[in-house]
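In case it helps, this note's numbering puts the sequence shown at residues 2 to 570.
A virtual CB, placed ideally from N, CA and C, is assigned to each residue, including glycine.
Predicted model, so just to flag it, every value in this text is computed and none were measured.
Input: a single structure, listed below in structure tokens.
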Amino acid sequence: MYYSKLLIPTLKESPADAEVISHKLMVRAGMIRQLAAGIYSILPLGLRVLKNVENIIREEMNQIGGQEVFLPSIQPVELWKESKRWDFYGKELLRIKDRHDREFCYGPTHEEVITDIVRKEIKSYRQLPVILYQIQTKFRDEVRPRFGIMRGREFLMKDAYSFHADEADTQKTYTQMAIAYANIFKRCGLEFKQVQADSGTIGGNFSHEFAVLANSGEDEIAFCETCGYASNIELAEARLDFEKTAPKGTEELKEIHTPKKQSVAEVSKFLGLASKQIVKTILLENESGLVAGLVRGDHEINTVKMRNLIGCEWLLPATEKMIEEQLGTPCGFIGPVDLNIPIYVDQEVTILENFVTGANKVDTHFMGVQVQRDFKVQKFGDLRRIQSGDPCPRCEDGKYQVKRGIEVGHIFILGTKYSQAMNAIYLDSNGKENPMVMGCYGIGVGRTAAASVEQNHDEKGIVWPLNLAPFKVIIIPVNFKNDDLKKACKSIYTQLSEMKIEVLLDDRQDRLGVKLKDADLIGIPVQVIVGPKNLEEGKIEIKIRKTQDSQLHPYPQCIQDIPSILKNL
Ligand code: ATP
Ligand code: MG
């Protein structure tokens, strides 16, 4: 491809609203342009990168028996009512009406559509399992679209769905998917972790995310370098150094005056006690009303763990207004004693004795509080958010590290949630009807490309890993008016093209400085720089984008070495 024939509108300045480096660089490198909030046009260079990601995904999906389909992006309301998600999905679902006033939505995901196909076309255990996937545009009306194509409203996703006769078979495909995903992200040149993720009401170890480590990531990943245990922080298990018997509180419950002392820090200073002797009562709301969560004063509550412990649909912080209206107590002095709502207690609170809590009265706390003796517990469990340095729950000596990550992929066992709601039934070998067991598996195509930029860049621009690079080699003539240079460049171009190496020839009449800057910005892995003096001496310069290492090589012989240079990058 000739540079002058391609639309590569590079920019010196980043867009004012760009917060992360991938957004800045993808716009500056002329790969993407914003049309509206969270809605992007993909320009030629950007599309070449996305196609590279797609092709890697396709190869790995086909490898494990996935069949590619292409489903409609506009989906009728009836299917979403059958799955009960029409009401549940909320504002992220873009709802639209056609000219006959019929309701549709723009698909944020395709479980309904795929289940509808499978229930109509697959009837027997002999036709199972089946893995169907597509690479399609999704629309989610995200509250805060940002970071360019990393969190768009319209975005490209690979979504796969598998249908099985039973749980064990689903598990098999799930494991194959996990391996395929790891291959995909390895081939994309990413440093990533496969982490245990929340599977909501389904529970169990049935959901994993693939997270690319990057400071700009919106997720927190907790992992142990010693044993390899890795989890989204939402689920990361705490290790409890159990004293098997519950302690017996020796002190009496005692009310104390704590004027204006509300926070753990204030109370602990005022009473001269360590913050771990104080227990925080956090009030939350779910579909059944208010609930309380208790954790040690030096710990934070993890609401995902708490939601799973309760087994509720949703769980959100209670508002101050709600707390005061329903309990008549100001926030800051809430405690479990005589609190008439379900109380969930972190396991580490169970081994405390004689602790301090709010007393549900202004400027008052209790000392000498004891679990069970002084208040009733609905359920105990692991409710705390782990921190860097906490002991690993899976090995003796390991410690947690917490880092930021970008979720690029998510695999999930759905069970029979959709097949039951939508009647996707098959006949087993005894002629008995059963609901199919399902799995679903997503990868953000654009997000994967953006995550790669987060990991691979320097102050000059993007440094594409070879497999994602829009071109593998860029030929940069010092002056394209010079006939000898032109001839040499065209000859290099032809030879590389014949070797099936994707090559870009910068045939623009611009100054060398401009061309070198652009080449660095767009991040093509190998630059071949052809200058008049070097050429006269039978040499050309080959520069590696990543290391900026530049060497003179004998021309024309060295062209034959380019494949091995690329291989060794
Ligand atoms: P997130 O928690 O980041 O909002 P999600 O859990 O809603 O993502 P899934 O429904 O699991 O995402 O979608 C599968 C994949 O699609 C994600 O792993 C991610 O790579 C990609 N993806 C999801 N939302 C977006 C978005 N708004 N923009 C770009 N890619 C996205
Ligand atoms: Mg997810």
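For the alpha helix (DSSP H) assignment, the uninterrupted runs of no fewer than 4 residues enclosed by the segment 54-101 are, from N- to C-terminal side, 78-83, 86-89.
Looking at the DSSP output, residue 105 shares a beta bridge with 77, 97. In the same chain as residue 142, and ignoring 5 residues on each side of it, the C-beta atoms closer than 8 Å to its own belong to 92, 93, 94, 95, 154, in chain order. Taking a C-beta distance under 9 Å as the contact criterion, residue 488 and residue 225 do not qualify as a contact pair. Note on residue 8: under 16 other CB atoms within 10 angstroms of its CB, so exposed under the neighbour-count rule.
For the options 529, 519, 461, 516, the alpha carbon positioned closest to that of residue 490 is the one of 529.
Taking all protein chains shown into account, residue 193 has 16 or more neighbouring C-beta atoms within 10 Å of its C-beta and is therefore buried.
Each residue's CA atom was taken as its position, placing residue 177 and residue 331 some 53 Å apart. In the structure shown, residue 419 falls within a helical segment according to DSSP collapsed to helix, strand and coil. Residue nearest to residue 438 within the set 171, 115, 20, 449 is 171 (criterion: CA-CA distance). In the same chain as residue 279, and ignoring 5 residues on each side of it, the C-beta atoms closer than 7 Å to its own belong to 265, 268, 269, 298, 356, 357, in chain order. Rounded to whole angstroms, the separation of the alpha carbons of residue 116 and residue 83 is 11 Å. Residue 3 counts as exposed, since fewer than 16 other beta carbons sit within 10 angstroms of its beta carbon. In the displayed model, residue 551 falls within a strand according to three-state DSSP. One thing to note: residue 336 has its Cβ within 9 Å of the Cβ of residue 366.
Residue 125 is bridged by DSSP to 428. Residues 331 of the same chain have their beta carbon placed closer than 7 Å to that of residue 325, with the five preceding and five following residues left out of the count. By the neighbour-count definition (other C-beta atoms within 10 Å, threshold 16), residue 341 is an exposed residue.
Apart from sequence neighbours up to five positions away, no residue of its chain approaches residue 397 with a beta-carbon distance below 7 Å.
If you draw a 10 Å sphere on the C-beta of residue 144, you find fewer than 16 other C-beta atoms in it, and that means exposed. Sixteen is the threshold: since fewer than 16 other Cβ atoms of the shown chains lie within 10 Å of the Cβ of residue 168, the residue is exposed. Here residue 251 is exposed, its C-beta having fewer than 16 other C-beta atoms within 10 Å.
At least one heavy atom of the ligand ATP lies closer than 8 Å to the C-beta of residue 154.
In this structure, the CA atom of residue 446 is about 30 Å from the CA atom of residue 128. In the structure shown, the three-state DSSP call for residue 348 is coil. At least one heavy atom of the ligand ATP is found less than 8 Å from the C-beta of residue 449. With 16 or more other CB atoms across the displayed protein chains lying within 10 angstroms of its CB, residue 30 is buried.
By the C-beta criterion, the segment 382-390 is judged to be in contact with the segment 288-302, since at least 3 inter-stretch pairs fall below 8 Å. Annotation for residue 535: the continuous alpha helix (DSSP H) segment containing it runs 533-537.
With a cut-off of 8 Å on Cβ pairs, the segment 497-515 is in contact with the segment 550-567, counting three or more such pairs.
Proximity of the beta carbon of residue 91 to the ligand ATP is not indicated: no heavy atom of the ligand is located closer than 8 Å. Residue 126 and residue 425 have their C-alpha atoms some 12 Å from each other. Going by DSSP, residue 271 is part of the alpha helix (DSSP H) stretching over 265-272.
Taking 8 Å as the cut-off, the C-beta of residue 143 counts as close to a heavy atom of the ligand ATP.
Linking residue 158 to residue 373 through their CA atoms gives a straight-line distance of about 49 Å.
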